[in-house]
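Peer 1:
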Amino acid sequence: MKNAVLKVTFLVLLALSPVAAIADVECVALLHGLARSSTSMIRLEARLERAGFEVVNLSYPSRDLPVQQLADSVVGDAITACEEFSPEKIHFVTHSLGGILVRFYFLNDLHEKLGRVVMLGPPNQGSAVVDLLDKVPGFDLLNGPAGSQLGTTNGSMPRFLGTVNFELGIIAGNQSINPFYSLMIPGPDDGKVSVDSTRIEGINQHLVMPVTHTWMMFNADVIEQVIHFLNTGDFMLVP
Numbered sequence: 014m015k016n017a018v019l020k021v022t023f024l025v026l027l028a029l030s031p032v033a034a035i036a037d038v039e040c041v042a043l044l045h046g047l048a049r050s051s052t053s054m055i056r057l058e059a060r061l062e063r064a065g066f067e068v069v070n071l072s073y074p075s076r077d078l079p080v081q082q083l084a085d086s087v088v089g090d091a092i093t094a095c096e097e098f099s100p101e102k103i104h105f106v107t108h109s110l111g112g113i114l115v116r117f118y119f120l121n122d123l124h125e126k127l128g129r130v131v132m133l134g135p136p137n138q139g140s141a142v143v144d145l146l147d148k149v150p151g152f153d154l155l156n157g158p159a160g161s162q163l164g165t166t167n168g169s170m171p172r173f174l175g176t177v178n179f180e181l182g183i184i185a186g187n188q189s190i191n192p193f194y195s196l197m198i199p200g201p202d203d204g205k206v207s208v209d210s211t212r213i214e215g216i217n218q219h220l221v222m223p224v225t226h227t228w229m230m231f232n233a234d235v236i237e238q239v240i241h242f243l244n245t246g247d248f249m250l251v252p
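Going by the working numbering, 69 is the number at position 56 of the sequence shown; the sequence numbering is gapless.
1) Leaving out five residues before and five after N232 in sequence, what residues of the same chain have Cβ atoms less than 6 Å from its Cβ?
2) How about V115 and L44: are their beta carbons less than 8 Å apart?
3) In the DSSP output, what is N70 paired with across the bridge?
4) Taking 7 Å as the cut-off, does the CB of N167 come closer than this to any heavy atom belonging to the ligand MN?
5) Assuming T227 and I190 form a contact by the criterion Cβ under 8 Å, report the distance between their Cβ atoms to the nearest whole angstrom.
6) Skipping 5 residues on each side, what residues in its chain have a beta carbon closer than 7 Å to that of V80?
7) In or out: K199 buried (at least 16 other Cβ within 10 Å) or exposed?
8) Quick check on the DSSP output: the alpha helix (DSSP H) that includes E125 runs from which residue to which?
9) Would you report the Cα separation of E180 and G215, rounded to the nearest angstrom?
10) Between R129 and G246, how many whole angstroms is the CB-CB distance? I'm expecting something under 8 Å.
11) For a test of the three-state rule: what should DSSP assign to H241, helix, strand or coil?
12) Only counting runs of 3 or more residues, tell me where the beta strand (DSSP E) segments fall wholly within the stretch 162-235, in order along the chain.
13) If you draw a straight line from the C-alpha of V143 to the C-alpha of G151, how long is it?
14) In angstroms with no decimal places, state the Cα-to-Cα distance between T165 and Q188.
15) Less than 8 Å between the C-beta atoms of V131 and V239, yes or no?
16) Below 7 Å CB to CB, which residues in the same chain sit around E58 once its five sequence neighbours on both sides are set aside?
17) Can you tell me whether DSSP reads V142 as helix, strand or coil?
18) Counting only runs of 4+ residues fully inside the stretch 42-116, write out the alpha helix (DSSP H) ranges in chain order.
19) Sort G157, E62, E101, S75 by Cα distance to H108 and report the nearest one.
20) Helix or strand or just coil, what does DSSP make of L133?
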């Protein structure tokens, strides 16, 4: 009887303990790519929530403004939305253009709560597709001013941004559903960006997977790699 009372007392004290009652909250901000919406990140959103993260998944007008203006509003809004959860850390998972917005926003100053960043198919060295098609009539209408900034020349936005100074993991795809674009891209590519163009100096981890640019954020294996990196700072070894 005495042991039972002690056990119950211990469990009550444990439940009331501030350490037990208050778990560290971590928020993940999802930033979609060019000409997409938050819908393209909904599978990631659902899986991250099941993994215990608070998630902010915002749509933004990716074709309306240049990178500079998009970054200031979109990344800032995502941080503000995450702050409502009073998180210990704010992580980012981005697709394509979203990664360039994060790089621009944190170019000079890092947020005190910034955690880890995972970029999916980021044009970190630009895309050869933009170099070749930017002057084609209608390209600017489809991709907007930000899309025209994503070339591979030294004057492009990705090249201007230089190295990163935060904890970063990158997943590149090497499968394409757009053979026309792939003909313009040197080396293995995901249909929009070459594997080599996803790399950036200062990176922590780089992983190549058999996925396409368009659909990589829906891939179950990609999503599990994202969660593993957010939790550990490493990708899982791929057999």
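From the three backbone atoms N, C-alpha and C, an ideal C-beta is built for every residue, glycine too. Just so we're clear, the structure is a prediction, and the values are computed from it rather than from any experiment.
Peer 2: With the structure as the only source:
1) For N232, the CB contacts under 6 Å within the same chain, skipping 5 residues up- and downstream, are V224 in chain order.
2) Going by C-beta atoms, V115 is nearer than 8 Å to L44.
3) Paired residues: L43.
4) No copy of the ligand MN appears in this structure; indeed no ligand is present at all.
5) Confirmed, about 6 Å.
6) In chain order, I113, L114, F117, A159, Q162, M170 place their CB closer than 7 Å to the CB of V80, counting only its own chain and leaving out the 5 sequence neighbours on each side.
7) Checking the sequence, you will find Pro at residue 199 rather than Lys. Answer is exposed; the Cβ neighbour count stays below 16.
8) Per DSSP, E125 belongs to no alpha helix (DSSP H) and is neither H nor E.
9) So the alpha carbons of these two residues sit roughly 8 Å apart.
10) A Cβ-Cβ distance of about 6 Å is found for the pair R129 and G246, placing them in contact under the 8 Å criterion.
11) Collapsing the DSSP output to three states places H241 in a helix.
12) If we require 3 residues or more, the beta strand (DSSP E) runs fully inside the stretch 162-235 come out as 180-186, 218-222.
13) Straight-line Cα distance between these residues: approximately 13 Å.
14) Taking the straight line joining both Cα atoms gives about 21 Å.
15) Their beta carbons are under 8 Å apart, which means V131 touches V239 by this criterion.
16) Around E58: L43, V68, N70.
17) It is helical.
18) Secondary structure remark: continuous alpha helix (DSSP H) runs of at least 4 residues inside the stretch 42-116, in chain order: 55-63, 80-96.
19) Check the Cα spacing between H108 and each of G157, E62, E101, S75: the tightest is with S75.
20) Of the three classes helix, strand and coil, the one that applies to L133 here is strand, per DSSP.
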